[in-house]
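K.L.:
Below are the structure tokens for one structure; questions will follow.
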Amino acid sequence: MEASGGGPVDASFQAIEKAINSGSHLLLYSVNNITSGTDAQGEVTVRLEKDGLIVNGQGADTDIVIASAMAYINALNKLMTSMERQHPQV
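Written as structure tokens, this is what we have:
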């Protein structure tokens, strides 16, 4: 999968979105450090919205791009699960 963006985090979000085509919108992107030092672990929180449904996702890693992708995928999983509950298939 190939995608471009305003930086590596944006490019990873674009690549994930291109692969699954969720149609969601990013409302929030937040990074906080969990540990300190040169090998500090960062925690990323993202908030996604689709059709009025809002979910948060979290990810943590020493590589902020990986933590960001994990948070985005976590939020997408929650979004898809919530949408399936709202519209179950018979």
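The opening residue of the sequence shown carries number -16 in the numbering used here; numbering runs sequentially from there. By construction, the Cβ of each residue, glycine as well, lies at the ideal position given by its N, Cα and C atoms.
1) Distance, Cα to Cα, Met66 vs Gly20?
2) Ile47 to Gln69, Cα distance in whole Å?
3) From Ile17 to Ala43, what does the alpha carbon distance come to, in whole angstroms?
4) Going by other Cβ atoms of all chains shown within 10 Å of its Cβ, with 16 needed for buried, is Thr45 buried or exposed?
5) What residues in its chain sit with their C-beta under 7 Å from that of Val14, if we drop five residues either side in the sequence?
6) Val29: which of Asp22, Gly6 and Leu11 sits nearest, CA to CA?
7) Give the DSSP-derived three-state secondary structure of Gln24 in the structure shown.
P.N.:
Considering the structure as presented:
1) As a first step, residue 66 is located in the sequence shown; it is residue number 83 there, counting from the start. As a first step, residue 20 is located in the sequence shown; it is residue number 37 there, counting from the start. Each residue's alpha carbon lies about 40 Å from the other.
2) Locating residue 47 in the sequence shown gives position 64, counting from the first residue. Locating residue 69 in the sequence shown gives position 86, counting from the first residue. Those two C-alpha atoms are separated by around 33 Å.
3) Residue numbering aside, residue 17 sits at position 34 when the sequence shown is read from its first letter. Residue numbering aside, residue 43 sits at position 60 when the sequence shown is read from its first letter. About 8 Å.
4) Stepping through the sequence shown from its first residue, residue 45 is reached at position 62. Answer is exposed; the Cβ neighbour count stays below 16.
5) Here the question's residue 14 lines up with position 31 in the sequence shown. Correct list, in chain order: Gly25, Val27 and Ile47.
6) Along the sequence shown, read from residue 1 onward, the residue named residue 29 stands at position 46. Of all alpha-carbon atoms in Asp22, Gly6 and Leu11, the one lying nearest the alpha-carbon of Val29 is that of Leu11.
7) Residue 24 sits at position 41 when you count from the first residue of the sequence shown. Of the three classes helix, strand and coil, the one that applies to Gln24 here is coil, per DSSP.
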